[in-house]
Amino acid sequence: MQLTPNNSKALIVLAVMTISVIACAWMLGAKPLGDHESYVSVTAREMLKSGDWVVPTYNGELRLQKTPLNYWFVATIAKFTGRVDEIAARLPSVLCAMLSVGAILYFVSRQLTFRIAVIAALIWSTSLAFVRYGHSARPEMALTCFVTIAFLAFYSAMLATQRKKQKIYMLVFWLSFALAMLAKGPAPLPLILVPLFLYFLIFRRWKLLPKTLPIAGTIIFLVIVLAWPVCVMARLAALTGDGQIISNITFWKREFVSRFMGSYAAGNKPFYYYSYVMFQYMLPWAPFVPIALAAPFYRVWGKKQETLLFLWLWFVADIVVMSVSGGKRMHYILPAMPAMAILSGVLFEDMVFSRQAYTAMFSRNLLLFYAGAIVAGVLGVGSYYRLEPQFIRPTIILGVLALIMLSVVLILFTRKKNTHACVAIFAGYCVLLALAFKFFLIPYSSTRYVRPFAREVAAQVPATDNLTAYHDVASRLVHYFGREVPIAQDISQAQERYQQGDWILAMGRFADELINGPGFETYRAWENAMRIKGKVVAGTLFHRPQAHFVVDPCQ
């Protein structure tokens, strides 16, 4: 078959999507779920069990802290797969990650060029942020996906010359904005509205406001966003009385407003916290970050400059908004990272191909910087792991492969085969990433203890019996145990449940309290049960030996 330009583009898109799948889905189910992921998985599991998709519950208690879109995604997938496991819990993030890559390919190819779109999509899909949250069941990737689509659709609407296309793009914007709110509201309000306000202010595009479907779009947005909380309040008011409505409003204010302001669950992070998190998230493309922050102000870009400034506003405004927050968390700036990836894609394309803004010498120096960093990294990692025998072999393998990849890339660039060099960079990255997961990230995961431990506990406790946790229970244990695990907050409650025939599970020092306390019989103990706050702790299961043989005299 003879390749046409359309066929060539289709093959390139297929290659980009393949690399993206590897980056966000490789060994997807191998790593056990973490605590934050398990809040999603357990809530979705209880949705399926109860059939109630309106009022979420976690471990038998109301779970209204987060908006429900990710629960619905996981529950829908599990309805087809038959169970809520690691893959079912994380697959929505994979699909949203892929959708964000597709959005970059589609919109950036129309706003700039197809080659820039391809490189930007590859940079985004090989960044640490993409890999990390594409493998996570948390709602961050869904939020990032819909925020990305909203921004790109909005800007395409501003550039559109045909009213029909403008309407379509704005409908996509409002729908994506609403879905972002359902994914993790109300974060999209400042993340989207602040950069767009600055766009209208700086570019003086106030005349375009009527073109944004302000009335119809707002109605669509409010119908989608408000439907869930209204249904929740109506359902709970019917069950518990109208006072529950005020209670829910107070609860949501605490979770959303007070958390942002830092008066609830403060992050205790300095204002400049995200100034280094953004470099971490952009690895291995972090050297492009300072260049990208300055590049949009160069007039040499010509027609590209306005697009670069829009991306700059998206990124910088979101970083500043989240920096003002008193309750900073690392993942809060994730929705800003696609903008930096696209900016970096523009720079990468210019340095390697167009040479509109950057000279060959500048590009060569940046390449040599990367080469030096890779060599130093290989030597440094080898030195760091010199006392850990289990790391020697995989470290050598990865180091040798990294040096081979570097040599191939340097040779190809030297021979002016820039396209082939780019292919080698991203293909080599996929190989190194896959091996890193196999050698390091999965075998030495901090959550590796909980899955076998919880399943062994589940095997000990009959399905007809109850398990109660003393003082606290990790959500990942609830997930792998497979059933609700109520909590006894103090030793008297634990004693009461124990006398009723419940199995009692305690971890670390709380297990020691029961072992040293009166009346608790140890059934089984595990030395390495799970990691809590960076430390691997023991777990102990307590049970009355005669509990199964107590007969009700009334029978």
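Counting in the numbering used here, the sequence shown runs from 53 upward without gaps.
Each residue gets a CB set at the ideal place from its N, CA and C atoms; glycine is no exception.
One thing to note: residue 387 has its Cβ no nearer than 7 Å to the Cβ of residue 114.
Secondary structure within the region 218-276: the alpha helix (DSSP H) runs of 4 or more consecutive residues, fully enclosed, are 240-255 (chain order). Contact annotation: residue 499 and residue 84 have beta-carbon atoms nearer than 7 Å. If you check the CB distance, residue 519 and residue 555 come in under 7 Å. Less than 7 Å divides the Cβ of residue 173 from the Cβ of residue 156. Each residue's CA atom was taken as its position, placing residue 325 and residue 382 some 8 Å apart. Proximity of the region 64-71 to the region 154-170 meets the contact definition, three or more beta-carbon pairs being nearer than 8 Å. With fewer than 16 other Cβ atoms inside 10 Å of its own Cβ, residue 515 counts as exposed.
Burial state of residue 509 is buried, judged by a 10 Å Cβ sphere holding 16 or more other Cβ atoms. Bounds of the alpha helix (DSSP H) holding residue 196 are 192-211. C-alpha of residue 455 to C-alpha of residue 340: approximately 22 Å in a straight line. Bridge pairing for residue 388: absent [DSSP]. If you draw a straight line from the Cα of residue 189 to the Cα of residue 91, it is about 9 Å long.
The beta carbon of residue 232 sits closer than 6 Å to those of 195, 198, 199 and 240, all from its chain and outside the five residues before and after it, given in chain order. Between residue 120 and residue 100, the alpha-carbon positions lie close to 14 Å from each other.
Each of 467, 131 and 260 was checked against the Cα of residue 218, and the nearest Cα belongs to 260.
Going by C-alpha positions, residue 147 is about 48 Å away from residue 573. If you check the CB distance, residue 87 and residue 497 do not come in under 7 Å. Beta-carbon to beta-carbon, residue 365 and residue 207 are separated by about 10 Å, too far to satisfy the 8 Å threshold. Counting C-beta pairs with one atom in each stretch, the region 547-561 and the region 478-491 have fewer than three that are closer than 8 Å, which means they do not touch. Assignment of residue 85 by DSSP, reduced to helix, strand and coil, places it in the coil class. Residue 537: not part of any alpha helix (DSSP H); DSSP gives it neither H nor E. For the set 409, 402 and 321, the Cα lying nearest the Cα of residue 349 is the one of 409.
Taken atom to atom, the span from the alpha-carbon of residue 457 to that of residue 477 is near 7 Å. Below 8 Å, enough C-beta pairs join the region 385-405 and the region 158-170 to call them touching: three or more. When C-alpha distances from residue 461 are compared across 453, 451, 474 and 272, the shortest belongs to 474. Taking 7 Å as the cut-off, the beta carbon of residue 264 is found closer than this to the beta carbon of residue 222. Here residue 481 is not near residue 507, since their CB atoms are 7 Å or more apart. The beta carbons of residue 401 and residue 64 sit no closer together than 7 Å. Residue 226 and residue 563 have their C-alpha atoms roughly 52 Å apart. For residue 573, there is no enclosing beta strand (DSSP E), as DSSP gives it neither H nor E. A residue is called buried once 16 or more other Cβ atoms fall within 10 Å of its Cβ, and residue 452, having fewer, is exposed. With contacts defined as CB atoms closer than 7 Å, residue 399 and residue 343 qualify as a contacting pair. In terms of Cβ geometry, residue 392 and residue 385 do not form a close pair [threshold 7 Å].
DSSP places residue 591 inside the beta strand (DSSP E), whose first and last residues are 587-594. Taking residue 229 as reference, the option from 215, 244 and 220 with the minimal CA-CA separation is 244.
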